[in-house]
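Student:
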Amino acid sequence: MKYFIGNWKMFGVPGSINILDKINLFNLRDRNRKKYKVIITPPYTLLETFAKNFKSKKILIGSQNCYHKDLYSSNTAAISPYMIKKVGAKLTLIGHSDNRSEGDTDKILKDKVFFALKNNLKIVFCIGENKKQKKNNQTLKVLHKQLTQVLEKRFNRNNIIVAYEPIWSIGTGKIPNQEELLKTILHIKKILRKIFGKRIPSIIYGGSVDETNVQKFRKINEINGFLIGGASKSSKKFIDIIKNYYR
Ligand code: PEP
Numbered sequence: 015m016k017y018f019i020g021n022w023k024m025f026g027v028p029g030s031i032n033i034l035d036k037i038n039l040f041n042l043r044d045r046n047r048k049k050y051k052v053i054i055t056p057p058y059t060l061l062e063t064f065a066k067n068f069k070s071k072k073i074l075i076g077s078q079n080c081y082h083k084d085l086y087s088s089n090t091a092a093i094s095p096y097m098i099k100k101v102g103a104k105l106t107l108i109g110h111s112d113n114r115s116e117g118d119t120d121k122i123l124k125d126k127v128f129f130a131l132k133n134n135l136k137i138v139f140c141i142g143e144n145k146k147q148k149k150n151n152q153t154l155k156v157l158h159k160q161l162t163q164v165l166e167k168r169f170n171r172n173n174i175i176v177a178y179e180p181i182w183s184i185g186t187g188k189i190p191n192q193e194e195l196l197k198t199i200l201h202i203k204k205i206l207r208k209i210f211g212k213r214i215p216s217i218i219y220g221g222s223v224d225e226t227n228v229q230k231f232r233k234i235n236e237i238n239g240f241l242i243g244g245a246s247k248s249s250k251k252f253i254d255i256i257k258n259y260y261r
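To convert, note that position 8 of the sequence shown is 22 in this note's numbering; the numbers rise steadily by one, no gaps.
1) Taking alanine 177 as part of the beta strand (DSSP E), name the residues at either end of that continuous run.
2) For threonine 119, count the other beta carbons within 10 Å of its own beta carbon; 16 or more makes it buried, fewer makes it exposed. Which is it?
3) Is it the case that the Cβ atoms of leucine 135 and lysine 104 are separated by a distance below 9 angstroms?
4) Report buried or exposed for proline 28, applying the criterion of at least 16 other Cβ atoms within 10 angstroms of its Cβ.
5) Excluding the 5 residues preceding and the 5 following valine 156 in the sequence, name in chain order all residues of the same chain whose CB lies nearer than 7 angstroms to its CB.
6) Taking 8 angstroms as the cut-off, is the C-beta of glycine 243 nearer than that to any heavy atom in the ligand PEP?
7) My guess is that isoleucine 202 and tyrosine 178 are in contact by the Cβ rule of under 8 angstroms, so how many angstroms apart are they, rounded?
8) Which residue marks the beginning of the alpha helix (DSSP H) containing asparagine 66, and which one marks its end?
9) Just the C-alpha distance for proline 190 and tryptophan 22, rounded to the nearest angstrom, thanks.
10) Return the residue from the list Arg45, His158 and Leu74 that minimises the CA-CA distance to tyrosine 17.
11) Quick one: what's got a C-beta closer than 6 angstroms to serine 30's C-beta in the same chain, skipping five residues either side?
12) Which runs of the beta strand (DSSP E) spanning at least 3 residues fall entirely within the segment 66-149, listed in chain order?
13) By Cβ distance below 8 angstroms, which residues in the same chain neighbour asparagine 41 in space, the five residues on each side in sequence not counted?
14) Distance check for asparagine 151 and proline 57, CA to CA, integer angstroms please.
15) The ligand PEP and threonine 198: does any heavy atom of the ligand fall closer than 8 angstroms to the residue's C-beta?
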């Protein structure tokens, strides 16, 4: 199974549902559709409408983050995994570098993972090194820490997707070379085996994936899909990413 996850970040109003409509139309016609799942993570404000509209269709809706407490809290503007689940979302991103840079520590992320899974949300756990860490050859060490400080064997690996998103690649148009990427993905697999045993969560890649470069990732079988930011806001680009991947 491959995942094509569109992360809309701070984008979209109720009328933007037409983007999903177009993706959905393509999806229903596409012969390859059994091989992949399409997921869109709009802002919180659109979760309920989008989830309701695409309930019986092929597009799943997820949130971009969640608060690290269950049910309710007195924290202003916080949205819990329980609240996300109740409006019909099926999954949540956790640990995106945008949120790590705003103060999400490993301890907070572990609580987020715990409560999201407890509320039956699938999670997409994002990890990745920054430019400086890459330059200093610290990538593997950074990824090891990000994974082992948060994920535990007791978490249901079937509900976890790990997204490798090098920060230097997000929104920059730069992607890792194949050799480098394969080495990193194999390293992530090794760490996940240490945590979970033989059967491990799926691994996807994120960072400047678009309709022109997606084929480059095809050779690496270990990559089970993509987290797509910028290019997911256009139905044409998003559909072309899927088409070109299978071409
Ligand atoms: C992201 O923000 O998760 C992302 C992958 O963005 P982009 O595709 O724009 O690099």
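Think of the CB as a built atom: it goes at the ideal place given N, C-alpha and C, for glycine as much as any other residue.
Tutor: Straight from the coordinates:
1) 174-178
2) exposed
3) yes
4) exposed
5) Glu143 and Gln147
6) yes
7) 6 angstroms
8) The residue asked about is misnamed: residue 66 is lysine in this sequence, not asparagine. That run of the alpha helix (DSSP H) goes 58-67.
9) 22 angstroms
10) Leu74
11) none
12) 73-77, 105-108 and 136-141
13) Arg47, Val52, Lys71, Lys72 and Ile73
14) 35 angstroms
15) no
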